[in-house]
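Presented below is the structure to which this report refers.
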Amino acid sequence: MNNNGFIVYIIGTTAAGKTNLSLNLGIDNYEIISCDSMQIYKEANIMTAKATAAEQAIKKHHGIDLLDLQSEGFNRKQWNNMAIQKIEELQSKAKIPVLVGGTHYYIESILFNQETEDKQMIQVAELNLNGKEPYQFLNEIDPLAAEKFHPNDHRRIINSIKFYQTTGQLPSEQLDHHSDQCKLRSNNFLILWPKWKKSEDLKMKVTERINEMLDQGGIEEILRIFEILHNNQNQVGGVLQSIGYRQFNKLYQYYKESGLQFPNVDDKFQELLKEGTERLINDTMAYTKKQIQWIKNRILCNSKIDIIANRLFLLEFESTQTFKEQVVIPAQKIYSLFCQLSQDDKLGDEQFKISSQKLENILTITPQMIEKYKQTQKLKSRTNWKKQVCKLCNKTMNGPFEIEQHFKSRYHKLNLLKDAKLQNKKQKID
Ligand SMILES: [Zn+2]
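Take a look at the structure:
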């Protein structure tokens with residue numbers, strides 16, 4: 001890949017207007033590459049919020065409709081190969097690739113040069129572990145670091161040991177300063193981040209959008225996709241693992257058993273539909289929190305501060321009515337400025353900075369803001385290292401945040417219920 005080729009990323013949560021923005025960047029020399037692990041599937045159109053035929057007619061889209069429903073999906077490497085090929089293809093036609101989507105481990109594979117991380121992986125055999133398992137070895141030299149990792153997270157465990165053996169420093173100390181772990185592939189990029197100002201408004205939008213999708217053919221799509229995969233029992237169907245379909249498993253089971261013919265349904269169907277919809281809204285909201293955490297932890301905290309501060313633009317908006325004024329127009333201004341700078345070969349420079357005059361009243365993320373966020377994250381990560389076990393579910397969690405999430409989970413609540421029933425029975429027997 002041409003590392004000096006200019007790339008634009010549009011990142012952010014679900015329902016934050018990424019598609020809308022991607023179709024309205026202004027200068028017309030770009031094409032869109034979708035970075036979404038669901039939109040790669042054919043036939044999964046409505047519930048994945050894939051660009052509609054009309055939207056695809058406005059702008060050419062890549063990275064969608066690549067796999068059959070029966071497929072297990074792409075891993076990071078497979079997706080990365082596809083995307084790099086597309087990027088090169090567009091750049092050879094002097095088009096700017098605009099990468100749009102919410103599947104962040106896809107975006108990460110382009111934004112950061114992860115080959116170095118993978119290379120380290122090969123050298124495992126060269127480590128001197130005194131005949132011990134890597135996790136055990138790490139636990140002996142640095143229990144604090146071992147606490148942090150899952151015992152199966154081989155890549156990070158091995159990397160930590162290697163770090164210890166080459167530098168003599170403790171990996172847990174390195175975790176606190178891991179800013180150099182991720183190397184940006186190039187400096188020649190722009191990131192646009194549209195974001196709802198208030199999370200209550202995002203929740204309202206998510207709810208509204210999910211209801212719209214279901215009303216506009218989503219239910220039929222869900223039933224049809226389950227049906228196709230049901231008839232291919234040997235196939236896994238990665239699409240069912242993702243948010244948008246799996247929440248309606250019970251609905252489909254009932255539909256199948258009852259012999260109903262959509263749209264002629266009964267009360268029970270409506271009830272299960274409502275249940276699935278609520279679950280989908282909750283899962284989507286939980287996912288949006290993860291998406292924001294990823295942007296903050298991986299992009300803001302893990303890249304060189306000055307570079308990222310001058311290339312990432314947070315565009316907050318208050319409502320769909322103000323989206324154009326608060327997101328589209330500022331983004332167009334930034335985009336055209338960057339296109340010009342890229343043509344003049346200015347973006348690759350690490351020292352590059354846009355004068356505030358040129359940005360007029362567009363607010364930018366300052367290095368100070370990132371530094372401050374990094375500090376709080378550092379504190380958080382230290383206190384978050386303590387592991388705790390939920391005896392009821394026999395599950396191990398990292399720190400208070402994960403524990404809190406677990407107690408709210410359906411899995412835990414179900415076990416609570418089972419446990420209560422068991423106690424009840426025991427009492428009756430006694
Ligand atoms: Zn539990």
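In terms of the UniProt record's numbering, the sequence shown opens at residue 1 and continues consecutively.
Where is the CB? At the ideal position from N, CA and C, for every residue including glycine.
How big is the Cα-Cα spacing for residue i and residue j?
i           : j    : result
I362        : L192 : 12 Å
L392        : H154 : 28 Å
S186        : S356 : 23 Å
E402        : I243 : 20 Å
F262        : K77  : 40 Å
L23         : Q70  : 30 Å
N264        : R209 : 24 Å
Q62         : I32  : The displayed chain sequence assigns His, not Gln, to residue 62. Their Cα atoms are separated by approximately 6 Å.
Q332        : S258 : 52 Å
Q388        : T396 : 6 Å
K148        : L25  : 42 Å
N113        : L184 : 6 Å
A146        : E55  : 48 Å
F313        : G217 : 35 Å
M38         : N130 : 44 Å
L99         : A49  : 16 Å
T167        : N159 : 12 Å
G238        : E72  : 4 Å
I64         : Q169 : 45 Å
L111        : N128 : 33 Å
P143        : E126 : 22 Å
G17         : L66  : 23 Å
F323        : L214 : 24 Å
S179        : K296 : With a pLDDT of 43 at S179, under the threshold of 50, the modelled position of that residue is not reliable, and no figure is offered here.
Y41         : P330 : 33 Å
D345        : A51  : 32 Å
L273        : Q321 : 30 Å
V8          : C182 : 19 Å
residue 431 : L422 : The requested residue 431 does not occur in the structure, where the chain is confined to residues 1 to 430.
E404        : A53  : 42 Å
N45         : L240 : 14 Å
K132        : Y164 : 16 Å
K256        : M47  : 20 Å
Q427        : A420 : 11 Å
Quick check: is any heavy atom of ligand 2 less than 7 Å from the C-beta of residue i?
i    : result
N398 : Ligands in the displayed structure: ligand 1; ligand 2 is not one of them.
So, for residue i: in the same chain, excluding its five sequence neighbours on each side, which residues have a beta-carbon less than 8 Å away from its beta-carbon?
i    : result
N211 : T277
F6   : I96, N188, F189, L190, F338, C339, S342, L347
K86  : I33, H62, G63, P97
Please identify the residue among the options whose C-alpha is closest to the C-alpha of residue i.
i           : options                : result
I11         : I40, A44, T103, N24    : T103
residue 436 : S34, A94, I107         : Nothing about residue 436 can be reported from this structure: the residues present for the chain run from 1 to 430 only.
E302        : N80, F226, Q427, P367  : The question names Glu, but residue 302 is Asn in the sequence shown. Taking only the C-alpha atoms, the option nearest N302 is P367.
A286        : F163, R224, Y105, T14  : T14
T288        : R410, K203, F163, D65  : K203
E325        : L240, L21, M38         : L21
Q293        : G73, L111, Y105, D142  : Y105
D68         : L229, I87, D201        : L229
D36         : K59, D28, A53, N80     : N80
K162        : P151, F137, T52        : F137
S92         : Y252, K195, N139, N4   : N4
S199        : I334, S409, T322, E316 : E316
L411        : K428, C390, G399, Q427 : The sequence shown places Tyr at residue 411, not Leu. Checked all of K428, C390, G399, Q427; the closest Cα to Y411 is C390.
S109        : P134, E133, E88, A83   : A83
Y254        : Q270, Q241, L240       : Q270
So, for residue i: in the same chain, excluding its five sequence neighbours on each side, which residues have a beta-carbon less than 6 Å away from its beta-carbon?
i    : result
D266 : none
E318 : K197
I305 : P367, I370
R156 : F149
K205 : A15
K353 : N310
H177 : Note that H177 has pLDDT 48, beneath the 50 cutoff, so the model's placement of it is unreliable and the number below is only indicative. Cβ neighbours of H177 beyond the five flanking positions: none.
K59  : L23, I32
Can you find the residues in the same chain that come closer than 7 Å, C-beta to C-beta, to residue i, ignoring five residues on each side of it along the sequence?
i    : result
N415 : L392, C393
L300 : I308, I370, Y373
E220 : F262
Q247 : G276, R279, L280, D283
R224 : none
R311 : F189, L190, I191
I27  : Y335, S336, C339
I365 : A309, L312, L314
For the region 159 to 208, which segments carrying the beta strand (DSSP E) assignment without a break, of at least 3 residues, lie completely within its bounds, in sequence order?
189 to 196
Which runs of the alpha helix (DSSP H), 4 residues or longer, sit entirely within the UniProt domain "C2H2-type" (390 to 412)?
399 to 408
Completely contained beta strand (DSSP E) runs for the region 280 to 337, where each covers 3 or more residues
312 to 317
For ligand 1, residues whose Cβ lies under 5 Å from any non-hydrogen atom:
C390, L392, C393, H412
Quick one: complete alpha helix (DSSP H) runs, 4+ long, within the region 28 to 76?
53 to 58
Ignoring anything shorter than 4 residues or poking outside the region 207 to 277, list the alpha helix (DSSP H) runs there in chain order.
219 to 230, 249 to 258
Considering only residues of the region 88 to 112, which uninterrupted alpha helix (DSSP H) runs meet the minimum length of 4 residues and lie entirely inside it, listed in chain order?
104 to 111
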